[in-house]
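The letter at position 133 of the sequence shown is residue 138 when you use this note's numbering, and the numbering goes up by one with no holes.
Notes follow the structure.
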Amino acid sequence: MRLSKQLFPDKYRLPKLIDENSTRSLLNSGPFYQMVERGLPLFLPIGNKIMTAIEQSCIKEAELFDYNHIDMTQMIPTNILSLGEQFSEGFLDQFIFLKGKMERYHLLSTPEPLLLNFMREGLLSYRQLPLKMMFSAKFYRQLSQVHSILKTREFKMLAGACLYEFNKNSQSFKHLFHDYMLHLSDLYSLPIEYKINHDKKFNEYFYLHPDGDEKYGDVSAISLSMAYEYGQDKKVYARYCSKDNKKMNAKFVTFGLGLQRLFFAILDNCRDKKGFNIPKHLRPFDICIIPQRSEDLKYCQELVNILHTPPDRVLIDDRSKVKSSDKERFADYLGIPQKLLIHKHEVIVSHRDSDTLLKEAFQLSQVKGGGNSIFHIKLF
Numbered sequence: 006m007r008l009s010k011q012l013f014p015d016k017y018r019l020p021k022l023i024d025e026n027s028t029r030s031l032l033n034s035g036p037f038y039q040m041v042e043r044g045l046p047l048f049l050p051i052g053n054k055i056m057t058a059i060e061q062s063c064i065k066e067a068e069l070f071d072y073n074h075i076d077m078t079q080m081i082p083t084n085i086l087s088l089g090e091q092f093s094e095g096f097l098d099q100f101i102f103l104k105g106k107m108e109r110y111h112l113l114s115t116p117e118p119l120l121l122n123f124m125r126e127g128l129l130s131y132r133q134l135p136l137k138m139m140f141s142a143k144f145y146r147q148l149s150q151v152h153s154i155l156k157t158r159e160f161k162m163l164a165g166a167c168l169y170e171f172n173k174n175s176q177s178f179k180h181l182f183h184d185y186m187l188h189l190s191d192l193y194s195l196p197i198e199y200k201i202n203h204d205k206k207f208n209e210y211f212y213l214h215p216d217g218d219e220k221y222g223d224v225s226a227i228s229l230s231m232a233y234e235y236g237q238d239k240k241v242y243a244r245y246c247s248k249d250n251k252k253m254n255a256k257f258v259t260f261g262l263g264l265q266r267l268f269f270a271i272l273d274n275c276r277d278k279k280g281f282n283i284p285k286h287l288r289p290f291d292i293c294i295i296p297q298r299s300e301d302l303k304y305c306q307e308l309v310n311i312l313h314t315p316p317d318r319v320l321i322d323d324r325s326k327v328k329s330s331d332k333e334r335f336a337d338y339l340g341i342p343q344k345l346l347i348h349k350h351e352v353i354v355s356h357r358d359s360d361t362l363l364k365e366a367f368q369l370s371q372v373k374g375g376g377n378s379i380f381h382i383k384l385f
């Protein structure tokens, strides 16, 4: 990726004092997303690389808990809503119903009725249970208040459900989602608090932050996810044939994880004096190549071609009229561990933090055979 080819060049200029800016301010002004208008985010290439990595990581980790990934339509037949629970007052008003020839559809706002109908149509026998499905998709809501990336009219969710066999001694499958959220907390080193409401049979998970519009006790917090037993007041359970050849009603647990909110929480939690020290499996790039002069640009792609590092993991900061020190600072801001400063065939390698990234230090073994005869590489 070449920085000179990106839109909104002002988003690649950093504030002088990063520490004095809130995470929300840094994300709004930084190279992560652009608001088409309030509540409608468009993720820019760097932000999209991070968001995609978070999304794929969440899906991959959910598979460890036997959740099967499915595709979800974003256009929902409105008559399916009658299969689900009664909506709370005002919630239906947030749905976006289509008009004209498409008036029998609405945009995905909540997936439970469709998931329930989809799962029970395919359920025949107790041998299929438990059925665990999950998907990621964009959701749409008509909101009166939108708060940057934390609360938007169009937002990404990882959602899913578990259909399981019911008996008096069976444990709610909410515990699977609980274990999954604690697993993500460990994976991302992200402090997560949670509430378990036994009466209303739901769990909710929070990241404590002053910009949150929810409360965890008396503390402002961002609600990241929720899981609950669906259809408690209405016979919406799918039916299956039991071991005794009886028709039984299955139980239904559903969950949702806000990926944009998780994006905010992860970046907020990994801040340091230089910017965002993003975990290796989520960061957008592993190497930043910085030409010292404009005439050195022709050597950048030549250097990329001799590295074992995949090209999509390399950022070339070829912006004109930007000091090399500012380019290095930008690479540090994104958490890129290695900077390769190039002048003709001379390359100086420096690291964001040599104390903590020794295992990722640039090694001559990262250069393909014969590359060392072309470039003279020095470790700084």
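The C-beta atom is built at its ideal place from N, Cα and C for all residues, glycine as well.
Remember, it's a predicted structure, so these values are computed and weren't measured experimentally.
Whole-angstrom distance between residue j and residue i, CA atom to CA atom
{"i": "Q39", "j": "M56", "result": "14 angstroms"}
{"i": "G63", "j": "G52", "result": "Inspection of the sequence shows that residue 63 is occupied by Cys rather than by Gly. Going from the Cα of C63 to the Cα of G52 covers about 17 angstroms."}
{"i": "L187", "j": "P196", "result": "9 angstroms"}
{"i": "M231", "j": "E351", "result": "53 angstroms"}
{"i": "K206", "j": "E234", "result": "6 angstroms"}
{"i": "F70", "j": "Y185", "result": "7 angstroms"}
{"i": "R146", "j": "L49", "result": "22 angstroms"}
{"i": "D204", "j": "G105", "result": "43 angstroms"}
{"i": "C293", "j": "F100", "result": "44 angstroms"}
{"i": "I23", "j": "L31", "result": "8 angstroms"}
{"i": "R29", "j": "K279", "result": "16 angstroms"}
{"i": "E159", "j": "G263", "result": "11 angstroms"}
{"i": "P20", "j": "D76", "result": "40 angstroms"}
{"i": "P315", "j": "F290", "result": "10 angstroms"}
{"i": "G44", "j": "K220", "result": "22 angstroms"}
{"i": "E42", "j": "D98", "result": "21 angstroms"}
{"i": "E307", "j": "Q11", "result": "21 angstroms"}
{"i": "D322", "j": "I295", "result": "5 angstroms"}
{"i": "Q265", "j": "F96", "result": "21 angstroms"}
{"i": "D317", "j": "V151", "result": "33 angstroms"}
{"i": "N84", "j": "F92", "result": "14 angstroms"}
Simplified DSSP state of residue i, which is helix, strand or coil
{"i": "N208", "result": "strand"}
{"i": "K156", "result": "strand"}
{"i": "N26", "result": "coil"}
{"i": "T83", "result": "helix"}
{"i": "I101", "result": "coil"}
{"i": "V224", "result": "strand"}
{"i": "N202", "result": "strand"}
{"i": "S62", "result": "helix"}
{"i": "P36", "result": "coil"}
{"i": "K21", "result": "coil"}
{"i": "K6", "result": "Correcting the residue type first, residue 6 is Met in the shown sequence and not Lys. In the structure shown, M6 sits in coil (DSSP, three-state: anything other than H, G, I, E or B)."}
{"i": "N282", "result": "coil"}
CB contact flag (residue i, residue j, <8 angstroms)
{"i": "K161", "j": "K143", "result": "yes"}
{"i": "H348", "j": "D277", "result": "no"}
{"i": "S9", "j": "S325", "result": "yes"}
{"i": "F260", "j": "I227", "result": "no"}
{"i": "Q343", "j": "V327", "result": "no"}
{"i": "L267", "j": "L213", "result": "no"}
{"i": "R357", "j": "R244", "result": "no"}
{"i": "Y131", "j": "C246", "result": "yes"}
{"i": "P116", "j": "A164", "result": "yes"}
{"i": "A58", "j": "H286", "result": "yes"}
Residues bridged to residue i (per DSSP)
{"i": "T78", "result": "DSSP lists no partner for T78."}
{"i": "C246", "result": "S130, K252"}
Chain-order list of residues whose beta-carbon lies under 6 angstroms from that of residue i (same chain, five-residue window excluded)
{"i": "G340", "result": "F281, N282, I283, R288"}
{"i": "V258", "result": "C167, F178, K179, E234"}
{"i": "M6", "result": "L320"}
{"i": "Y387", "result": "With the chain represented from 6 up to 385, any question about residue 387 goes unanswered, as that position is not in the structure."}
{"i": "F123", "result": "none"}
{"i": "S190", "result": "I197"}
Own chain, CB closer than 7 angstroms to residue i, minus 5 neighbours either side, in chain order
{"i": "I81", "result": "Y110, H111, L113, L119"}
{"i": "Y193", "result": "I271, P284"}
{"i": "D33", "result": "Note that residue 33 is Asn in the sequence shown, not Asp. Once the five neighbours on either side are set aside, the close Cβ partners of N33 are S153."}
{"i": "L129", "result": "Y245, C246"}
{"i": "F140", "result": "H74, I75, D76, M77, A164, G165"}
Residues near residue i by beta carbon distance below 8 angstroms, same chain, minus five either side
{"i": "F13", "result": "P36, Q39, L49"}
{"i": "Q297", "result": "S329, L346, I347, H348"}
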